[in-house]
Amino acid sequence: MSATFSAEIGPIKGFTLKCVHGATKHHFDTFIKAQTFLQAEKDEHGGTGHLAECGDEFCEAMLMSIEAVEEDPSPAVRVSYHNARHLLDLLGYGHETSVVGGSDTAENFLGRVLVALAVNPADAGVPATSSKNAGSPEMIHCGRREGYSEDHLEALREVANFAASRGRAVQWC
Ligand SMILES: [Zn+2]
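Printed below as a string of structure tokens:
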């Protein structure tokens with residue numbers, strides 16, 4: 000499970016098709032055109048998985064989905080839920096927001112990133128540990144590498160600058 004920080008979605012220039020591995024080279028001006036194309040392929044071939052370009056057997060058996068293509072796609076920072084919680088804590092959002100979804104204006108978000116970069120000492124990292132109580136399975140607590148926080152705060156600063164320059168909010172979900 001992961002969470003992604005990015006600018007909110009911007010203007011759409013068209014639509015493409017995608018499997019879990021990524022988008023195909025198809026391009027449609029409108030959602031309806033993409034949908035009509037998929038329906039025709041489904042009628043003719045009994046499915047749409049053959050359109051996938053990844054060569055994965057699993058995808059060949061699945062249906063393709065339609066994805067919007069942005070004119071000006073945002074940089075994105077994708078992290079585990081656990082690390083998203085850590086970053087939101089560093090940004091001072093504490094528990095006022097959920098890792099599952101939240102947003103703020105680019106200016107507020109950028110201000111918090113700059114404060115977090117200024118006040119947090121270098122991240123020394125956290126080693127992975129495990130614990131086990133009698134009768135329950137062993138729990139592995141994933142660690143965090145040294146320098147993780149600084150690197151990710153810098154990446155979040157890029158997201159915030161991008162969002163601010165386009166008048167878009169920053170979101171995480
Ligand atoms: Zn695929």
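Numbering that gives the first Met the number 0 numbers the first residue of the sequence shown as 0 and each following residue consecutively. The C-beta atom is built at its ideal place from N, Cα and C for all residues, glycine as well.
On a Cα-Cα basis, can you pick out the residue from A121, C141 and S1 that is closest to S130?
C141
Take K12 and list the residues in its own chain whose beta-carbon comes closer than 8 Å to its own, dropping the five residues that flank it on each side.
V68, E69 and E70
State whether the segment 38-55 contacts the segment 74-83, with contact taken as three or more CB pairs (one from each stretch) at a distance under 8 Å.
no
Buried or exposed: which applies to V19, given that a residue is buried once 16 or more other Cβ atoms fall within 10 Å of its Cβ?
Classification of V19: exposed, given that the 10 Å Cβ count is below 16.
Take D28 and list the residues in its own chain whose beta-carbon comes closer than 6 Å to its own, dropping the five residues that flank it on each side.
G13
What are the complete beta strand (DSSP E) segments, minimum 3 residues, inside the segment 27-105?
64-69, 75-79 and 101-103
Compute every distance between the C-beta of G21 and the non-hydrogen atoms of ligand 1, then say whether any falls below 8 Å.
yes
Put A162 into one of helix, strand or coil per three-state DSSP.
helix
Using only CA atoms, which one of A133, L16, P72 and E43 lies nearest to R165?
It is P72 whose Cα lies nearest to the Cα of R165.
Counting C-beta neighbours from all protein chains within 10 Å, is the total for V99 16 or more, i.e. buried, or is it exposed?
If you draw a 10 Å sphere on the C-beta of V99, you find fewer than 16 other C-beta atoms in it, and that means exposed.
Have a look at A75, F36, V76 and V78 and flag the residue whose alpha-carbon is nearest the alpha-carbon of L62.
F36
Applying the 10 Å Cβ sphere with the 16-neighbour rule, what's the burial state of K24?
exposed
With distances taken from CA atoms, which of S79, E66 and T47 is nearest F57?
T47
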